[in-house]
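Protein chains in written order, with this note's numbering: chain A, 1 to 509; chain B, 510 to 842; chain C, 843 to 1177.
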Amino acid sequence: MSTATAETAAPQAEELVLQAQGISKHFEGVAALTDARLDVRPGEIHALLGENGAGKSTLIKVLTGVYRPDAGSIASNGENVHFAAVRDAHHSGVVALYQELSIVPTISVAENILLGERTPNTVGLVRWPEANREAQRHLDRLNQRIPVRRLAGQLSPVQQTMVAVARALAADARVLILDEPTASLTDTEIKDLFAVLRSLRDEGVGIVYVSHRLEEVFELCDRVTIMRNGSTISTRDVADITIDGVISTMVGRAPGELFPDRGTATDRAVVSVESLTGRRVQDVSFTAHAGEVLGIGGLAGSGRSELLRLLAGAQKATGGTITVAGRVLPAKGDVGAVLNAGMVLVPEERRSQGVSLNASIQDNIALANLEKVSTGGWVSARRVTELARRSMENLRIKARGPRQHVGLLSGGNQQKVVLAKMLAREPHVLLLDEPTRGIDVGTKAEIYRLIRELAAQGTTIIAVSSELPELIGLSDRILIMHEGRISGQVPAEGADEELLLSYCYGRNA
Amino acid sequence: MRTRLKIITGLAAAAMLGLTGCSAPGADAGAAGSSGGSGDDGTFKVAAFTAGYATPGGKLTLDKFVEEGKAKGWDITLYTSDFDYDKINSDMQSAITQGVDVILAGFPDPRQIAPLVNSAESADIPIFSIDGGVEPNEDFVEDVTFDQDQLASLTVGALEEAMGGLEGKDVMVIGHDPHIGIMTRSNLAYDMLEEAGANIAGGEMKQALNPGTSQEEALKFVTDFLQANPDGLDGVWVGWDHAALGAAQAIDEAGRDDIYVTGVDALGVAVEEIKKDGPFYASVHQDWFSVVDVVVEDIEAYRADGTLPEENFVEVEGELIDRDNAADFTPSM
Amino acid sequence: MATTETVSAAPLPQDRPDETREERKSLSQMVLQSGTIIALVGLIVIFGVLSPSGFLSLGNLTNILAQVAILTIIAGAQTIVMVTGHFDLSVGTTATLSGASASAFMLSGLPVPVAIILGLLVGLGVGMINGFLVAFLNISAIVATLATLTTVGGLAFIVTDGTTLYGMPEVFYWVGQSRIAGLPMPVVIALVVALVIWVVLKYTTVGRRWYAVGGNADVARLSGVSVRGNVFWAFALAGLVSGLGGIVLVSRLSSASATSANDYMMLAVAAVFLGMTLSNSGQANLGGTLVGVGIIGVLQNGLNIVGVNTYVQQVLTGIIIVAAVLLSSFKSRRA
């Protein structure tokens, strides 16, 4: 596969409004970035692309002073800069807008635009008329008619984004970084935003544009930089590549032999879902069988996690039915009924939903299985420890003993405790949301083996993952979701990653 | 970075704790002067407690007791709380487990110390008490206290003198039921006033919520009452000086000189007010130091040969402080 | 698939002009928001009817103002902290300690102004410790200020030796007991403090940054606002203002006990919560806090005048707090 091919002709450093080279960043020993590069010219819109976890967000945070890089250099207009805080980046004209964190809802539009030391004042007293006029001036540059005294929280999503862009203008941004700005916008609103971005580009602002929507990238951007596994793979002119070329560069090589053999699936249907509809999920139907690992993929926001939550009863369905082992589950979202049907969810947010870090391994397991360790309301300490010991043996949890606090375990072992909690219920159906997020490769392989062992015992596994190689290697069958619907369904054996990614982007190739 | 900051701050806090620990009077300082008592290691161990250490009287009295006991060579440990009897009970139970010879209860609420009384009883440890209620109590081998009846009649008498009689007069009564002494004398005074034909202003006794903030509470009670009933008040009987000060201030601020207040305790600040010939008319001095002397003597007798006091309830009398003798009186609190 | 087309015959909600929709929304919001003011007016009417001569007199109005003066100051301090999205449980004990310290300094012979300044510095110091714990050590405000509440409360016992300090120089009582143009001095001080806090919160860059931090600390940080610094100074200022409240109280009472102002914390929190229901954004604001203080003051004074006993007063105050929180949560769900 072509990776670092024909880079665009490197311009002189002083022509670049921002140049980052050899950036690396580790979090508690885990590499998030290794040799990341990005250069931004004045007056261009530069797309930054990569799969989930490729390191785009980390790179943005390094570029804007939120994180300090372990190694590498950042230069602005040919001069080396070191950003110790967001403010330093602002002083150099580097400003980022984040999708979820664009505005402060409880203060006025004008205050949002002038946030961060830019409010006109006399010895600390704000000169309101002048402040409002100045905010208005920045909105005028964007051709926006937004009342500057209104509370920002009362604006529509696109107006909020515009306010955030106006704030960047107020900060004299020469590099504007946008992270998924169109995620919650309608088509018309996206057009408005693009018009604004193009006019800023024509004024000489360098714009970095992060998006999962490749069509947008090809419509809007001048160049693309593609990242994979924390490194920058290539930077090209948009005119020189195709969407398929971008996808294959993002995916990279096939993964090694992490995955156990398949072949445990049977024909006995255990879970059947008919026209299931709920928040972010539209008319989804599928069947999962005993001994089968059914993988569900899709981009962030495609509805894959919501589907799992619907199945688990953690969210209310507005239409359709879920049948587990012949029993129809209530639509109103009844976690208890789901558990009684023998279906359990291992959530994605391990730290907040799956496990209590301040409690011991045995307490974590026992609390989810109190009926197994108690008689008539009295908890037996002996049975608590026994249950934990058994689980630890089965799952090979590495710990000093059942009394060790979960917070002291590695991420992989924490994930095993979550699994142990759920497996102690001896479920027929196991719902897994991102079963290996934040886990090192060695433990990943172990968890894959465990999942397959469970399938061999007849358990039905439905696993959501944002990592395509994981879906392909682990599953028997893969469903891909796009905007709440199933956009593709393929057998996992020999599945083509590029095909899956096209499904992810809703391109029915 | 932040971790280091946290560690440094944590260490600084610990160091400060250490320093305060060193400079505070050590609880075991008296252990050196041991003499042949009944303790295991030859030291006569006394565990004293009070939940009223936050009140001026409680602190002075217990401090005096500790001082006198140490002079006699006892090993005294003082356990205190701010009206938190849970803490007192558990502190005392662990003290009993570790072995003490005598327990001194300072201003205990007999309703709230059953756990420690039971522990002491099963360990066969006598409890001496200062102001442990208003009637004889089998929990204590000795309880020395003031005669609440006498305190009430002294103050009601003073109010009668100030107002020129009780019959038909409007008198506000301010009490605080959680304190057993104040509750007892307030109810006695209430009955005496009613019997003598006085009207209780507002129809019932006013209750202060918190002794610590009672001055401000009483100030508001009286100000608001005068606001609504300018002609409806001739006197205010208050169960303790702190609140009485607030009542007197309210009368001053309303510009009235025909309403009188009495309190109990004879705090220094109250005596100053009495000297001014203003609305604060009288208070009662309870000589807690003489009570301490009695108790210390009896404990010393017990240490010598195990003699227990003959009477388990000793009532002493208070001294009225009013305009006549305020000038000659030196307050202890 | 195509069958759904027929449904669109009904007028779509988007057809309605934007402006009318917002006005309708703000009208229903206004009713909810003014609920707190309606409660205040309602209380005044009820007590006015029950005791026309006692409650509704000019003298009693001044009396109520005097009674809420110190609460106003301490609730003002609490407002500052709550604007930044935090909480200060130690405002009451900080006031007690400042008042007691100032008294102790006076009794030790220091000139009155010096003693007052030292007392204020004690309050500032406690506030700075709170700010340091919350902003720089990331301890949750509830835990940090609960700890200082305890420690500072203990220090107040040490400073007063558990007794009541009295006999400060007569000039000191000017702070709490004199009158200007018929208004008690504490009322004048409270008005000045309220005015200053109002101006700081509404018209200064610092105040506006506090609101930004309280609205969304992450956005503020990503926009280049120093969140830590701003939170720190908010706590510090709150400590200073609480200290002033304590000193005025001590002067008003001519005496300093070890717990004199402790109970103000609960009432201050209640007042700020009541006030939060009065703002569009649901944030703490000084105008609202004053209305909250008014409700508490009128409630206590009115119940005293009508002759309701203090235990029942406690119960009613608690119910009012719950009602306020419910009201504000109802509104934020709507918004």
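For each residue, glycine too, the CB sits at the ideal point set by N, CA and C. Since this is a predicted model, take the numbers as computed values, not measurements.
Practice item. Go through its chain and collect everything with a Cβ distance to A/G458's Cβ below 7 Å, but skip five positions before and after it. Key: Within the same chain, A/G458 has close Cβ partners A290 and G291.
Point to revise | Short Cβ contact (8 Å threshold) for B/V650 with B/I636 | key: Closer than 8 Å, so yes.
Review point. Per DSSP, what kind of secondary structure is B/K581 in: helix, strand or coil?
Key: In this structure, B/K581 counts as coil in the three-state DSSP scheme.
Review point. Near A/V490, what residues of its chain come up, given a Cβ to Cβ distance below 6 Å and the 5 sequence neighbours on each side ignored?
Key: Closer than 6 Å at Cβ, skipping near neighbours: I478.
Practice item. Quick one: using the 10 Å Cβ neighbour count with 16 as the cut-off for buried, is A/E470 buried or exposed? Key: Buried, since its Cβ has 16 or more Cβ neighbours within 10 Å.
Review point. Can the beta-carbon of A/H138 be found closer than 8 Å to that of A/A183?
Key: Contact flag unset, no.
**Study point:** Inter-stretch contact (C-beta, 8 Å, three-pair minimum) for the stretch 38–55 of chain A and the stretch 242–252 of chain A
**Key:** Cβ pair count under 8 Å is three or more, so yes.
Check your understanding: Which class does C/W1075 belong to by DSSP, given the choice of helix, strand or coil?
Key -> In the structure shown, C/W1075 sits in a helix (DSSP, three-state: H, G or I).
Review point. Can you name the residues of chain C whose CB is closer than 7 Å to the CB of A/I60?
Key: Contact annotation for A/I60 against chain C: no contact, minimum CB-CB distance about 11 Å [criterion: below 7 Å].
Practice item. Using the Cα positions of C/T990 and C/V1073, report the straight-line distance between them to the nearest angstrom. Key: CA-to-CA, the gap between C/T990 and C/V1073 works out to about 17 Å.
Practice item. Pull up the distance between the alpha-carbon of B/G815 and that of B/W583, whole angstroms please. Key: Using only the alpha carbons, I get a separation of about 15 Å.
Review point. Can you list the residues of chain C that A/L115 reaches, using a CB-CB cut of under 9 Å?
Key: Per Cβ cutoff of 9 Å: R1050, R1051, A1054, V1061, A1062, S1065, G1066 and V1067.
Practice item. Tell me, please, whether the CB atom of C/G1018 is closer than 8 Å to any CB atom in chain B? Key: It does not: the Cβ of C/G1018 has no partner Cβ on chain B nearer than 8 Å.
Exercise for review: Examine chain A for any beta-carbon lying closer than 8 Å to the beta-carbon of C/N1058, and answer yes or no.
Suggested key: Output row for C/N1058: interface = yes.
Review point. What does C/N980 touch in chain A if you count any residue whose Cβ is under 8 Å from its own?
Key: Correct list: empty, because the minimum Cβ distance to chain A is about 16 Å.
Check your understanding: Does DSSP put C/R1094 in a helix, in a strand, or in coil?
Key -> Helix.
Exercise for review: For my contact list, B/T559 and B/L571 are in at a C-beta cut-off of 8 Å; report their separation, rounded to the angstrom.
Suggested key: The pair is a contact, with the Cβ atoms about 5 Å apart (cut-off 8 Å).
Point to revise | Residues within the stretch 1116–1129 of chain C neighbouring chain A, beta-carbon criterion of under 9 Å | key: Under the 9 Å Cβ criterion, the stretch 1116–1129 of chain C contributes S1121, N1122, S1123, G1124 and Q1125.
**Study point:** Contact residues within the stretch 1029–1049 of chain C, judged by C-beta distance below 9 Å to chain A
**Key:** Legend: CB atoms of the stretch 1029–1049 of chain C lying less than 9 Å from CB atoms of chain A belong to residues V1041, V1042, K1044, Y1045, T1046, T1047, V1048 and G1049.
Check your understanding: Which partner residues of A/D179 appear in the DSSP bridge assignment?
Key -> According to DSSP, which records beta bridges pairwise, A/D179 is partnered with A/Y98 and A/V210.
Point to revise | chain C contact for B/F734 (CB, 8 Å cutoff) | key: Yes, because at least one Cβ of chain C sits closer than 8 Å to the Cβ of B/F734.
Exercise for review: Check whether the Cβ atoms of B/L697 and B/V682 sit closer than 8 Å, and answer yes or no.
Suggested key: Contact flag unset, no.
Check your understanding: Given that C/D1183 touches chain B, what residues does it touch there, using C-beta distances under 7 Å?
Key -> Outside the displayed range of chain C (843 to 1177) lies residue 1183 of chain C, so it cannot be described from this structure.
Exercise for review: Consider the C-beta atom of A/G376 and the heavy atoms of the ligand PLP; say whether any pair is separated by less than 7 Å.
Suggested key: Absence of the ligand PLP from the depicted structure is noted, as is the absence of any ligand whatsoever, leaving it without description.
Review point. Taking only runs of the beta strand (DSSP E) that begin and end inside the stretch 711–753 of chain B, which ones reach a length of at least 3 residues, in chain order?
Key: Runs of the beta strand (DSSP E) inside the stretch 711–753 of chain B: 744–747.
Point to revise | Exposed unless 16 or more other CB atoms sit within 10 angstroms - verdict on C/Y1153 | key: The residue is exposed, with fewer than 16 neighbouring Cβ atoms inside 10 Å.
Review point. How about B/Q795: is its C-beta nearer than 8 Å to some C-beta of chain C?
Key: No, its Cβ sits nowhere closer than 8 Å to a Cβ of chain C.
Exercise for review: Report the rounded CA-to-CA distance for B/A523 versus C/V964, giving the unit in angstroms.
Suggested key: B/A523 and C/V964: Cα-Cα distance of roughly 21 Å.
Check your understanding: To which residues of the same chain is C/A1032 closer than 7 Å at the C-beta, ignoring the five residues directly before and after it?
Key -> Around C/A1032: A911, T914 and I915.
Check your understanding: Would A/A492 pass as a contact of A/G295 if the rule is Cβ separation under 8 Å?
Key -> Yes, the Cβ-Cβ distance between A/A492 and A/G295 is below 8 Å.
Exercise for review: Output yes or no for whether 8 Å exceeds the beta carbon distance between A/E44 and A/D222.
Suggested key: Against a cut-off of 8 Å, the Cβ pair of A/D222 and A/E44 comes out as a contact.
Review point. I think A/S231 touches A/T34, with their Cβ atoms under 8 Å apart; what is that distance to the nearest whole Å?
Key: Between the beta-carbon of A/S231 and that of A/T34 there is about 5 Å, and that keeps the pair under the 8 Å contact cut.
Point to revise | Helix, strand or coil at A/K332 according to DSSP, with G and I counted as helix | key: In the three-state scheme derived from DSSP, where H, G and I count as helix and E and B as strand, A/K332 is classed as coil.
Practice item. Can you tell me which of A/N229, A/N80 and A/A152 puts its alpha carbon nearest to the alpha carbon of A/G55? Key: Of the listed residues, the one whose Cα sits closest to A/G55 is A/N229.
Review point. Does DSSP classify A/P491 as helix, strand or coil?
Key: Of the three classes helix, strand and coil, the one that applies to A/P491 here is strand, per DSSP.
Exercise for review: Output the distance between the C-alpha atoms of A/E219 and A/V208, rounded to the nearest integer angstrom.
Suggested key: Going by the C-alpha atoms only, they are around 14 Å apart.
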